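Inspection log for the structure reproduced underneath, given as structure tokens.
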Amino acid sequence: MSTQPHYSTAPGKALGNIPIHHRYTVGVAGERFFKAMRDRKVILAAACSSCRQRFLPPKIYCEICFVETGDWSPVEGPARVKSFTLLHRSLDEEPLTQPVAVALIVWDGVRGGILHRVGGLEDPSQLKTGLLVEPCWADERAGGVNDIRFFAPANP
Amino acid sequence: MTRDVAIVGLGCTSFRPTSPHASYREMIFEAAVKAYSDAGIEPDQVDTFMSVSEDYLEGTAIVDEYVPDQLGAVLKPVHTIGADGITGLASAFLQIRTGQFEVALVEGRSKASNVLHPAHIDAFALDPVYVRPLELHPRFVAGLEMRAFLEATGNTEEQAAAVVEKNRGNACRNPMAAHPARTSAQDVLRSAPIAEPLKEGDAALPADGSIVIILASAEAAARMKGQPVYIEGVGWAQDTPNIEERDWSRAAYAEEAARQAYRMAKISDPAGQIQFAEVDDAFAYKELQHLESVGLAPTGMAGRMLEQGEFSPGGRLPVNASGGSLGCGHVHDLAGLRSVMEAALQLRGDAGDRQLNNPRVGLAQSWRGVPTASGGAAVLSRR
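The following block contains the structure:
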């Protein structure tokens with residue numbers, strides 16, 4: 000992580016960059032969420048203590064009632080693909096030799112969901128809205144979204 | 000008693016894929032000179048200035064510090080709006096309405112060609128804990144939304160592609176446009192996939208440019224030379240920042256922004272009262288989604304109405320006669336101001352070869368782009 004900016008100039012153009020690095024505080028809700036993923040391979044949703052709405056990713060507040068959330072409990076039942084895309088570009092705008100399947104994964108009765116990769120597909124055409132999926136956990140888990148390698152079609 | 004506010008001056012550079020001939024500050028100067036000339040005033044007659052800026056896109060921290068001198072605004076109040084252009088317009092409008100100011104100026108610029116790695120900036124706008132570590136090109140969000148929108152409403156990929164054919168074709172009559180083209184929907188459908196179902200042809204290409212718009216109270220406008228275009232209503236809104244929670248079948252931020260603007264403008268039947276619209280089309284499907292969300296097409300009908308020619312320049316409700324972002328080029332947060340400028344030109348009868356037939360009421364609507372769910376709306380009229 001170099002902190003040396005690089006500059007070069009010429010009459011027609013000047014090049015500049017800035018090495019920006021951050022250390023983000025994950026927060027109360029995020030810490031609890033990621034510890035449960037890392038230690039127990041469990042996805043926790045938080046429920047509003049007033050309206051009972053469950054949120055994922057969990058938050059310490061309910062934006063509807065504007066009160067703190069109370070009950071934290073694992074999501075249960077099958078997860079479902081709400082929408083998906085096949086991504087063909089890297090962040091550096093390079094074409095990907097193998098497109099990456101990305102989906103919004105949702106659970107019934109939970110507001111929100113998890114954005115993640117979809118893997119373990121026999122064929123890309125298997126990926127459809129509504130496909131039932133389950134998390135494929137990483138063996139080495141650090142406490143972050145990549146503790147889930149991807150979501151794979153659920154075994155019937 | 001609220002006071003009426005009008006647009007009294009317009010100035011812009013042409014929009015272009017690159018602009019190695021001038022710095023962003025020189026481009027603002029060009030737009031400012033034209034706007035002052037259009038309004039027939041000098042910089043010292045402006046009471047307050049609005050600058051629409053986003054530091055990461057400009058490549059300079061606190062970039063609004065670099066704004067005043069090329070506008071003639073040194074030692075004047077400058078208000079920076081880190082949001083889309085219509086929010087900047089709304090701020091100028093409201094400042095005049097306070098009664099403290101008579102004349103306000105809104106400035107924005109895009110130097111997209113200066114940004115060598117734009118996807119990294121959009122990725123930096125993703126949630127740093129839950130989303131960014133996936134290391135995905137941020138347009139995955141548009142791919143997810145496009146599929147969800149099409150599946151929920153019954154609009155089709157082909158209809159989205161037809162938006163591109165219309166808008167880039169419209170841009171052929173706009174001398175300021177960066178990306179005019181006679182392209183067909185089939186060309187778009189055959190273009191390379193980016194984030195399926197989103198294809199290269201569906202996405203507006205970036206452009207550089209600057210716009211300056213001068214506003215005045217109705218009393219001050221009456222003393223100026225040009226034909227005033229009245230701002231009848233404005234609105235802006237943000238949906239949840241949590242991508243996971245959004246309802247992609249509609250653009251909730253556009254619904255709310257339009258609702259606010261319509262209420263202020265006393266528009267009760269938008270489809271009947273709005274005569275033309277400039278709506279955000281950063282991606283082709285967004286034009287259809289935005290039209291349905293601002294009440295100019297019933298849910299699921301925008302694509303069919305487009306195919307029937309209703310949104311063409313000669314149609315019942317011309318949409319993006321300017322060419323939109325697909326045809327003019329995407330100018331980031333300036334896109335909303337570009338829509339406002341086009342609506343004002345149309346209402347003044349100054350739209351040249353693309354002039355619509357004597358419109359009196361138009362809508363400009365904006366979106367901040369991936370990964371945001373925020374935008375604005377403005378209803379403009381000629382009285």
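Read top to bottom, the protein sequences are chains W and P.
Residue numbering for the first sequence follows numbering that gives the first Met the number 0, beginning at 0 and increasing consecutively.
Residue numbering for the second sequence follows numbering that gives the first Met the number 0, beginning at 0 and increasing consecutively.
Where is the CB? At the ideal position from N, CA and C, for every residue including glycine.
Treat the numbers as computed from the prediction; the structure is a model and nothing was measured.
Nearest-angstrom Cβ-Cβ length linking residue i and residue j, presumed shorter than 8 Å
i        : j        : result
Val25/W  : Val128/P : 5 Å
Ala334/P : Asp83/P  : 7 Å
Glu53/P  : Gly87/P  : Not quite, the Cβ-Cβ distance comes to about 11 Å (not below 8 Å), so this is no contact.
Ser248/P : Ala147/P : 6 Å
Leu103/W : Glu243/P : 6 Å
Gly118/W : Phe149/W : 4 Å
Lys11/W  : Pro132/P : One detail in the question is off: residue 11/W reads as Gly in this sequence, not Lys. Between Pro132/P and Gly11/W the Cβ distance is about 38 Å, and since that is not below 8 Å, they are no contact.
Ala38/P  : Met223/P : 6 Å
Leu325/P : Ala283/P : 7 Å
Leu90/W  : Ala100/W : Not quite, the Cβ-Cβ distance comes to about 17 Å (not below 8 Å), so this is no contact.
Leu149/P : Pro196/P : 7 Å
Arg53/W  : Ala46/W  : 5 Å
Ser13/P  : Met145/P : About 30 Å; that fails the 8 Å criterion.
Lys165/P : Ser311/P : 6 Å
When the options are compared against residue i, the one with the closest alpha-carbon
i        : options                                : result
Pro205/P : Glu244/P, Val4/P, Gly323/P, Glu29/P    : Gly323/P
Ala186/P : Pro174/P, Val102/P, Arg167/P           : Looking at the sequence provided, one finds Asp at residue 186/P rather than Ala. The option with the nearest alpha carbon to Asp186/P is Arg167/P.
Asp126/P : Ala13/W, Lys12/W, Gly143/W             : Gly143/W
Arg110/W : Lys58/W, Ala102/W, Asn145/W            : Lys58/W
Val62/P  : Gly107/P, Ala276/P, Lys165/P, Val369/P : Gly107/P
Ser209/P : Leu344/P, Ala34/P, Phe92/P, Ala72/P    : Ala34/P
Val32/P  : Cys11/P, Met49/P, Gln44/P              : Cys11/P
Val318/P : His331/P, Thr298/P, Gln345/P           : Gln345/P
Gln274/P : Arg315/P, His289/P, Arg303/P, Ser311/P : Arg315/P
Ala72/P  : Ser90/P, Glu254/P, Ile27/P, Glu164/P   : Ile27/P
Cys327/P : Lys285/P, Pro312/P, Ala177/P, Glu144/P : Ala177/P
Ala253/P : His78/P, Ala363/P, Leu135/P            : Ala363/P
Ala151/P : Glu30/W, Phe65/W, Ile147/W, Thr128/W   : Thr128/W
Glu25/P  : Pro67/P, Val51/P, Met49/P              : Pro67/P
Gln94/P  : Thr47/P, Leu188/P, Ala5/P              : Thr47/P
His329/P : Ala170/P, Ser22/P, Val140/P            : Ala170/P
Asn154/P : Gln288/P, Thr17/P, Ile193/P, Gly368/P  : Gln288/P
Pro152/W : His5/W, Val80/W, Ile17/W               : Val80/W
Glu30/W  : Leu43/W, Ile19/W, His20/W, Ser124/W    : Leu43/W
Cys50/W  : Pro56/W, Phe33/W, Val66/W              : Val66/W
Ala250/P : Glu199/P, Arg347/P, Trp366/P, Thr182/P : Trp366/P
Lys110/P : Gly271/P, Arg96/P, Pro16/P             : Pro16/P
Where the beta strand (DSSP E) through residue i begins and ends
i        : result
Leu379/P : 373–380
Gly168/P : It is not in any beta strand (DSSP E) - Gly168/P instead sits in the alpha helix (DSSP H) that spans 156–169.
Glu195/P : 192–195
Leu126/W : First-last for Leu126/W: undefined, no H or E at that position.
Asp70/W  : 66–73
Phe150/W : 147–152
Ala13/W  : 13–15
Pro83/W  : Per the sequence shown, residue 83/W should be read as Phe rather than Pro. Here the beta strand (DSSP E) through Phe83/W covers 78–88.
Gln97/W  : 94–105
Leu362/P : 360–364
Cys11/P  : 4–11
Segment limits, alpha helix (DSSP H) that includes residue i
i        : result
Gly188/P : In the sequence under discussion, the amino acid at residue 188/P is Leu, which differs from the Gly named in the question. Residues 184–189.
Arg138/P : No alpha helix (DSSP H) contains Arg138/P, which DSSP labels as neither H nor E.
Glu57/P  : 54–57
Ser248/P : From DSSP, Ser248/P is part of no alpha helix (DSSP H); its letter is neither H nor E.
Ile27/W  : Residue 27/W is actually Val in this sequence, not Ile. 27–39 is the span of the alpha helix (DSSP H), which, as asked, contains Val27/W.
Gly396/P : As displayed, chain P neither begins before 0 nor continues past 382, which places residue 396/P out of reach and without an answer.
Ile59/W  : Neither: Ile59/W is in no alpha helix (DSSP H) and is coded neither H nor E.
Tyr6/W   : No alpha helix (DSSP H) holds Tyr6/W; the beta strand (DSSP E) holding it covers 6–8.
Met175/P : It is not in any alpha helix (DSSP H) - Met175/P carries neither H nor E in the DSSP assignment.
Ile113/W : Note, Ile113/W: premise wrong, no alpha helix (DSSP H); beta strand (DSSP E) at 113–116.
Phe28/P  : 23–38
Phe123/P : 117–123
Chain A contact for residue i (CB, 8 Å cutoff)
i       : result
Glu25/P : The question asks about chain A, but that chain is absent: this structure's protein chains are W and P.
Notebook entry, point to check: With contact counted as at least three CB pairs below 8 Å, one residue from each stretch, are the region 237–247 of chain P and the region 345–364 of chain P in contact?
Noted result: Output reads no: the region 345–364 of chain P does not touch the region 237–247 of chain P.
Check: Do the region 101–109 of chain P and the region 204–220 of chain P make contact, defined as three or more Cβ pairs closer than 8 Å?
Finding: Contact between the region 101–109 of chain P and the region 204–220 of chain P is present: three or more C-beta pairs spanning the two stretches fall below 8 Å.
Next item on the list: Spell out a yes or no on whether the region 89–97 of chain W and the region 63–78 of chain W are touching, meaning 3 or more CB-CB pairs, one atom from each, closer than 8 Å.
Entry: Result no; under three Cβ-Cβ pairs closer than 8 Å.
Checklist line | Touch test, the region 227–237 of chain P against the region 365–382 of chain P, Cβ-Cβ under 8 Å, three pairs minimum | finding: In the pairwise beta carbon analysis, the region 227–237 of chain P is classified as touching the region 365–382 of chain P: at least three pairs are separated by under 8 Å.
Check: Which full runs of the alpha helix (DSSP H) of 4+ residues lie inside the region 293–325 of chain P, going along the chain?
Finding: Listed in chain order, they are 301–306.
Next item on the list: Evaluate the contact criterion for the region 112–120 of chain P versus the region 44–58 of chain P: three or more CB pairs, one atom per stretch, below 8 Å.
Entry: Verdict: yes, contact present.
Item checked: beta strand (DSSP E) runs contained entirely in the region 67–102 of chain P, provided each spans 3 or more residues -> When DSSP assignments are scanned along the region 67–102 of chain P, the uninterrupted stretches of beta strand (DSSP E) that are 3 or more residues long and fall wholly within it turn out to be 77–80.
Next item on the list: Kindly confirm or deny that the region 335–348 of chain P and the region 269–284 of chain P touch, where touching means at least three C-beta pairs closer than 8 Å.
Entry: Three or more Cβ pairs closer than 8 Å define a contact, and the region 335–348 of chain P meets that threshold against the region 269–284 of chain P.
Check: Can you list the alpha helix (DSSP H) stretches of 4 or more residues lying completely in the region 258–294 of chain P, in chain order?
Finding: Runs of the alpha helix (DSSP H) inside the region 258–294 of chain P: 269–272, 283–292.
Checklist line | Inter-stretch contact (C-beta, 8 Å, three-pair minimum) for the region 254–264 of chain P and the region 158–165 of chain P | finding: Using a Cβ-Cβ distance cut-off of 8 Å, the region 254–264 of chain P and the region 158–165 of chain P are not in contact, since fewer than three pairs of beta carbons, one from each stretch, lie closer than that value.
Next item on the list: Enumerate, from N- to C-terminal direction, the unbroken alpha helix (DSSP H) stretches of 4 or more residues contained entirely within the region 205–231 of chain P.
Entry: Counting only runs of 4 or more, we get 217–221.
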